[in-house]
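See below for the structure under consideration.
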Amino acid sequence: MPIDEDDLERKLSEECPGPADLRSALLEDTLTDVVSQPPLVLDENATLADAIALMRREHRGYVLLTADGRLSGIFTERDLLYRIVGSLIDYEHAAVSAYMTRDPVTLPADSSVAFALNKMTVEGFRHVPLVDAEGRPTGVVSMREVVEYLCGFFSKDVLNLPPDPRIGFRSREGA
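Residue numbers for the sequence shown, in my numbering: 34 to 208.
In structure tokens, the structure reads:
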């Protein structure tokens, strides 16, 4: 019995939804393909006020802290929420190093997207610092950037979603 190519293609697409190149991209693309902005970096002796102001100004949920140019910690919105909010702290004088996460998990920039996604999902990270061989920060991969990267493979499907998925499209006229 000859193999029907159309039937085979249909069955494969049902078993492996999404673009055919997604799997290879996840394994072969590196974090340099995902990261879109330079990292926010401050010396670990900076104040909480400095760190928070930088995060607000740049609309980011983290700032990397360094000592002698090497990564010493990360201060995130979670640190702010769990370690600071509700405490009587002088933000202008308190060192951010007292509230940062010391020695965070890091990755090299040439790590695969799949490896980073697994680490972020399993360990619950929203931001993972990228460092070079000497431990100097070179970037940060965020869960948001990974999601945006993945959405790029499904842009037609994502961009064509109705504005409210509970309602759907009300009318096809005029579209």
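All C-beta atoms, glycine included, are put in the ideal place defined by N, C-alpha and C.
Subject >> Coarse secondary structure for L121, derived from DSSP in three states >> reply: Assignment of L121 by DSSP, reduced to helix, strand and coil, places it in the coil class.
Original post:
So, is T99 buried or exposed, given that buried needs 16 or more other C-beta atoms within 10 angstroms?
Top reply: By the neighbour-count criterion, in which 16 or more other beta carbons inside 10 Å mark a residue as buried, T99 falls on the buried side.
Original post:
DSSP three-state call for R135: helix, strand or coil?
Top reply: R135: strand per DSSP, three-state reduction.
Subject >> Inter-residue CB distance, T80 and A127 (contact presumed, cutoff 8 Å) >> reply: Contact annotation, T80 with A127: C-beta distance approximately 6 Å; criterion of less than 8 Å satisfied.
**OP:** Take the Cβ of H160 as the centre, count every other Cβ of all protein chains shown within 10 Å, and call the residue buried at 16 or more, exposed below.
**Re:** Buried is the call here.
**OP:** Check S130 in the structure and name its three-state DSSP category.
**Re:** The answer is helix: DSSP assigns S130 an H, G or I state.
**OP:** Could you tell me whether the Cβ atoms of L163 and V68 are closer together than 8 Å?
**Re:** Yes. Within cutoff.
**OP:** Could you check how far apart the C-beta atoms of V180 and L64 are, in whole angstroms? I think they sit under 8 Å.
**Re:** Distance from V180 to L64 at the Cβ level is roughly 14 Å; contact not present, criterion being Cβ atoms closer than 8 Å.
**OP:** Return the CA-CA distance between L140 and A149, expressed in angstroms with no decimal places.
**Re:** So the two alpha carbons sit approximately 8 Å from each other.
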